[in-house]
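For what it's worth, the numbering used here labels the leading residue of the sequence shown as 146, then goes sequentially.
Don't be surprised by glycine CBs; every beta carbon is placed ideally from N, CA and C.
I have placed the structure first, in the form of structure tokens, so that the comments after it can refer back to it.
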Amino acid sequence: MIKLSIFKIINTMAIALSLILLLNTQVAFASPPASEVAPCEDWIQNMQFIVEPWRHHSKTYYSGRVRVVHIDTMGEPVCCSSRLVAYLPDSSDIFSGRKCLQLRSVLGGYEWINFSGIRSSYDSHLGLLLKVPVSHYVDGTSSLSEIVKIRFNLSTETLVIEP
């Protein structure tokens, strides 16, 4: 009798723990993973990663001083290979005068970026705002989409994510 009761208790606890884990997993993916702006690693700048055709996956702003490029690292990592690479002025770089930054998911990259869906606006005090439609691959079977807003400010030579 005691063995049966202990078995029932352990079984009930296992079911409860499974439900808690399932609920926590669903809550964790109720919103997309965070995005970040990070320096480009050397390999990320490889031209073979620019999505074809190039003319449809590259845009310039500020009379060509800022360029954004859609790259796809050819399926690696498997789920999240799309990134937005930005080249902008950098007065501290005495060789090229530019820096390379990437917009990506904190998990590595995005499932996709709708490059043709990028919208821009300009505020003379804040700089250029791009609204970038992205999709996050979250749990092996589903995706979550969002618009990531990034702000270029040439006077401070910065690129930041806005809320």
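Task: Sequence-distant residues of the same chain with beta carbon closer than 8 Å to Ile189, five excluded per side - done: Reading the sequence shown from its first residue, position 44 is the one you call residue 189. Closer than 8 Å at Cβ, skipping near neighbours: Ile216, Thr218, Arg228, Val230, Cys245, Gln247.
Open item on the list: Taking its Cβ as the centre, do 16 or more other Cβ atoms sit within 10 Å of Ile258, making it buried, or is it exposed?
Closed with: Position 113 of the sequence shown, counted from the start, is the residue given in the question as residue 258. With 16 or more other Cβ atoms within 10 Å, it is buried.
Task: Residue burial classification, Gly272 (beta-carbon count within 10 angstroms, cutoff 16) - done: To locate residue 272, count along the sequence shown from 1; it is residue 127. Buried, by the Cβ-count rule.
- [ ] Look at the Cβ atom of Val305, then the Cβ atom of Val214, and state whether they are nearer than 8 Å.
- [x] In the sequence shown, the residue the question calls residue 305 occupies position 160. In the sequence shown, the residue the question calls residue 214 occupies position 69. No, the pair does not count as a contact, with Cβ atoms beyond the cut-off.
TODO: Measure the alpha-carbon distance for Gly285 versus Arg243 and round it to whole angstroms.
DONE: Against the sequence shown, residue 285 aligns to sequence position 140. Against the sequence shown, residue 243 aligns to sequence position 98. Looking at the two C-alpha atoms, the distance is approximately 37 Å.
TODO: To the nearest angstrom, report how far apart Met192 and Ser241 are at their CA atoms.
DONE: Position 47 of the sequence shown, counted from the start, is the residue given in the question as residue 192. Position 96 of the sequence shown, counted from the start, is the residue given in the question as residue 241. Cα to Cα, Met192 sits roughly 17 Å from Ser241.
Open item on the list: Rounded to whole angstroms, what is the Cα-Cα separation between Gly262 and Val196?
Closed with: The residue given as residue 262 occupies position 117 in the sequence shown. The residue given as residue 196 occupies position 51 in the sequence shown. Each residue's alpha carbon lies about 15 Å from the other.
Open item on the list: Can you tell me which residues form a DSSP beta bridge with Tyr206?
Closed with: Here residue 206 corresponds to residue number 61 of the sequence shown, with the count starting at 1. Val211.
Open item on the list: Give me, in chain order, the residues of the same chain whose beta-carbon lies closer than 8 Å to that of Lys294; leave out the 5 immediate sequence neighbours on both sides.
Closed with: Here residue 294 refers to the residue found at position 149 of the sequence shown. Only Leu274, Leu275, Lys276, Val277, Ile306, Glu307, Pro308 meet the Cβ criterion.
- [ ] Consult DSSP for Ile216 and reduce its assignment to one of helix, strand or coil.
- [x] Taking the first residue of the sequence shown as position 1, residue 216 is located at position 71. It is a strand residue.
TODO: Could you tell me how far apart the beta carbons of Glu291 and Pro177 are, in whole angstroms, since I believe they sit closer than 8 Å?
DONE: Taking the sequence shown and counting its residues from 1, one reaches residue 291 at position 146. Taking the sequence shown and counting its residues from 1, one reaches residue 177 at position 32. Yes, they are in contact, since the Cβ atoms of Glu291 and Pro177 sit about 5 Å apart, within 8 Å.
TODO: Using 10 angstroms around the beta-carbon of Leu281, count the other beta-carbons present and answer buried if the total reaches 16, otherwise exposed.
DONE: The residue you call residue 281 lines up with position 136 of the sequence shown. It is His, not Leu, that sits at residue 281 in the sequence shown. Buried, since its Cβ has 16 or more Cβ neighbours within 10 Å.
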